[in-house]
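J.: Per this note's numbering, the sequence shown runs over residues 1 to 442. For every residue, glycine included, the Cβ atom is placed at its ideal position computed from N, Cα and C.
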Amino acid sequence: MKQPNFDFIPLDGFNAAWLKTVYQSYVAGSRAVGKDGIRHHVFEKILDAECELIAAKVNDGTYRLTNYREKLIARGAKRPPRQISVPTIRDRLALRGALEFLKAHFPAAQPRPPHIFIKDIKAHLKVVRKHSSFLRMDIKDFYPSLRHDLLQAALEQSDIPASIIGIIIRAVATRTGTADQPVPTVGVPQGLSISNALAAIYMIEFDKIADDSLFYRRYVDDVLVIAESEKINSVYKSLWTGLKSIGLASHPMGTLGKTETSVLGDGVQYLGYDITPTQISVRQSSLAKMFSNLAKVLTCFRYKREHEKHLFRLNLKITGCIINSSRRGWLMFFSQTDNISQLAYLDAWLKSEVKGLGVDENAVKTFKKAYYEIRFNLQASVFIPNFDKYDIEQKKNVIAILSRRSSEEVDVMDVTLIEREFDRLIGREVSELERDLVDAFS
């Protein structure tokens, strides 16, 4: 499912034709089902009427969202699960349309990917003064603490139509789970297409607190500062005060792995990396989780069934992929490491593990080659799957591998069904890649 380049959005609000394009480009490939239980094959039969209805109700301010279905994602022992809010397909389409307005009016609503942050840090460490320190701050309960009144005030500073602001505020005030809970006045539900954009907009003014005397980066709730050591405490106090003024707080100073300072030579852990002036490595716990994720796939080979599917999944975990113009996967995230020995160790371990499984070693891709392709040849690479560029024959092959259909069955499918099945199957695999990253941080 390729993302189009929207050169314009409707000036005054939604219209049905534009919403239909948004659906086909961004929503049709999703698999999640909301509280109403309606799936895409049903929704698409009434798509035109639904687009007309959504546009009319959003524009006149009468659109109301269905309570979100609750999905809980485990985050490891002694940590509460992360609550994900799953909207209905109709609401997902309405919110995706709202996101296009946010992106058009707020450049900051399109967050930079994590590997860019690490790249910036690497560059700064080459020129930073010796007597400097790291300050890492972790904002507590970030998404659940965002105040709706401050968010609305930030949105109203833009030229976004009032009708679009209205549906956004109603979206963050919609309950997740049962209807007997109070209507929330704080918190942005995680799992909505607008969630990350709204969080970025909320923090625009706070992020301006950083001045030219320090290096400041924030990725969602993770803040990293590099400044002269004697200034670190005053910087911390300033950031603490700034967070408090917008209803947020960091973990207290000295909270191990959350909010702490360290001199440059001792390094810092940030976004799953161990960072020092001399080397950027994958954090050991993040590396261990990849060993665990690979082992789960290797276990599947022992059952001697669907061998080709397991090989496809194994290679995808190694290389990651490009889909919807986005980089996905563990190595895509950790592509700024310069500790190649960690990748070589992964490859050596994997080679020894596949020997007794009847797997052709030459058919298993390697982390080291994938790393160099990602760093230096990503756009032209045929080693790293770019699903946006797959033609019909390649999509047929993937469907045959990942489903229980034979090649003959897939060959007689019409193009529309091929596209839908490819999006569904690859969407499932990419979701697994995202779970690998969740594991890497838990």
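Thinking C-beta only, is S158 closer than 9 Å to F106?
T.: Going by C-beta atoms, F106 is nearer than 9 Å to S158.
J.: What residues match up with R136 in a beta bridge as DSSP calls it?
T.: In DSSP, R136 forms a bridge with L224, E260.
J.: Do the region 291–303 and the region 319–328 meet, that is, are 3 or more Cβ pairs less than 8 Å apart?
T.: The region 291–303 is not in contact with the region 319–328.
J.: Does the contact criterion of 3 or more C-beta pairs under 8 Å hold for the region 38–46 versus the region 88–96?
T.: At 8 Å Cβ cutoff, the stretches touch.
J.: Below 8 Å on the Cβ atoms is my guess for Q279 versus N339; work out the distance and round it to an integer in Å.
T.: The pair is a contact, with the Cβ atoms about 6 Å apart (cut-off 8 Å).
J.: So, F383 versus I275, is the Cβ gap smaller than 9 Å?
T.: Result no, Cβ atoms of F383 and I275 do not sit closer than 9 Å.
J.: Just to confirm, is the Cβ distance from I199 to V220 under 9 Å?
T.: Residue 199 is actually Ala in this sequence, not Ile. The answer is yes: Cβ separation under 9 Å.
J.: In the DSSP output, what is R283 paired with across the bridge?
T.: DSSP output for R283 lists no bridge partner at all.
J.: How would you call G257, buried or exposed, if buried means at least 16 neighbouring beta carbons within 10 angstroms?
T.: Exposed, by the Cβ-count rule.
J.: With a threshold of 16 other CB atoms inside 10 Å of the CB of E429, please say whether the residue is buried or exposed.
T.: That one is buried.
J.: Go ahead and label L11 buried or exposed: buried means 16 or more other beta carbons lie within 10 angstroms of its beta carbon, across all protein chains shown.
T.: L11 should be labelled exposed.
J.: So is M1 buried or exposed if we call it buried at 16+ other beta carbons inside 10 Å?
T.: Unreliable positioning characterises M1 in this predicted model, as indicated by a pLDDT of 46, which lies under 50. The coordinate reading is nonetheless provided below. Looking at its Cβ environment, which holds 16 or more other Cβ atoms inside 10 Å, M1 is buried.
J.: Would you list the one or two residues that DSSP bridges to C300?
T.: DSSP, once it has assigned bridges, lists no residue as partnering C300.
J.: With a threshold of 16 other CB atoms inside 10 Å of the CB of A363, please say whether the residue is buried or exposed.
T.: Classification of A363: exposed, given that the 10 Å Cβ count is below 16.
J.: Report the rounded CA-to-CA distance for L53 versus D180, giving the unit in angstroms.
T.: Near 28 Å, if we compare the C-alpha coordinates of D180 and L53.
J.: When you compare each of E393, L402, I169 to V415 by their alpha carbons, which one comes out closest?
T.: Cα-wise, what sits closest to V415 is E393.
J.: Going by beta carbon distance, what residues of the same chain come within less than 6 Å of P277, once the five residues before and after it are set aside?
T.: Taken in chain order, the residues that qualify are L125, L264.
J.: Please classify E70: does DSSP put it in a helix, a strand, or coil?
T.: Three-state result, E70: strand.
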